[in-house]
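In my numbering, the protein residues as written are 100 to 267.
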Amino acid sequence: MPESMINSKPLSGGELAQAYALIQAIDPSLTLDQWRDYVAALGDDQTADRPGILTAQTDEGRILGLAAFRILHELRCAPNLGVENLIAPRMPGDRLTVRVLLQALEEIARSRNLDCLSVRLPIAYMRSSTPPPLREVLEEEGFQSVAVQMHKTLNKNGKSRNGGSFFG
């Protein structure tokens with residue numbers, strides 16, 4: 100797929116259902132309502148450093164990948180643009196989709212004068228004997244593994260407050 104055919108743009112309200120199919124790739128137990136609540140929570144912040152969701156789309160509007168981002172203030176690299184839920188399912192052109200998203204995210208970080216761009220990946224990507232294209236592209240683009248994020252569920256049923264799975 101030629102690069103000119105994939106563009107990055109913010110997720111619009113009319114694209115929530117289409118983007119939900121990608122969310123299902125990271126956690127099939129998440130509902131459309133949970134996805135809507137997540138998007139609404141990102142959009143409720145009215146500060147200048149507002150978080151958001153960026154998509155990679157074809158010229159026809161088909162969403163191929165997405166990434167949620169927000170500004171983080173971490174000790175080792177602050178401030179930085181933290182990216183979570185970077186999703187680009189395995190399909191033809193997936194490496195290009197990741198690169199388009201990363202380029203746009205880097206532009207956002209630079210425009211906000213941030214020091215770093217950090218991407219949080221599911222642990223399955225790090226343990227895989229055959230790395231998914233997402234991880235390979237991150238490494239090719241100069242990203243390094245610098246930390247392991249660990250979670251402990253505080254609910255007896257192993258689910259988050261909104262019903263999603265913490266550990267996939």
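The beta-carbon is built from N, C-alpha and C at its ideal position, and this holds for glycine as well.
Remember, predicted model here, so these are calculated numbers, not experimental data.
Rounded separation between residue i and residue j - CA only
{"i": "A120", "j": "S210", "result": "30 Å"}
{"i": "P188", "j": "R175", "result": "31 Å"}
{"i": "K108", "j": "Q156", "result": "8 Å"}
{"i": "F242", "j": "E235", "result": "10 Å"}
{"i": "M190", "j": "G142", "result": "29 Å"}
Element boundaries [beta strand (DSSP E), containing residue i]
{"i": "Q156", "result": "151 to 157"}
Cβ separation of residue i and residue j, assumed to be a contact under 8 Å, to the nearest whole Å
{"i": "L237", "j": "A208", "result": "That belief does not hold up - the Cβ atoms of L237 and A208 are roughly 15 Å apart, past 8 Å."}
{"i": "L200", "j": "L153", "result": "6 Å"}
{"i": "M104", "j": "D158", "result": "6 Å"}
Proximity to residue i [Cα-Cα], best of the options
{"i": "D136", "options": "I125, A116, A155", "result": "A116"}
{"i": "A203", "options": "P232, G151, P178", "result": "G151"}
{"i": "V197", "options": "A166, V245, M104", "result": "A166"}
{"i": "R161", "options": "N106, G142, R194", "result": "N106"}
{"i": "G113", "options": "A177, D126, A139", "result": "A139"}
Are the segment 164 to 177 and the segment 204 to 219 in contact at 8 Å, needing three or more beta carbon pairs? yes
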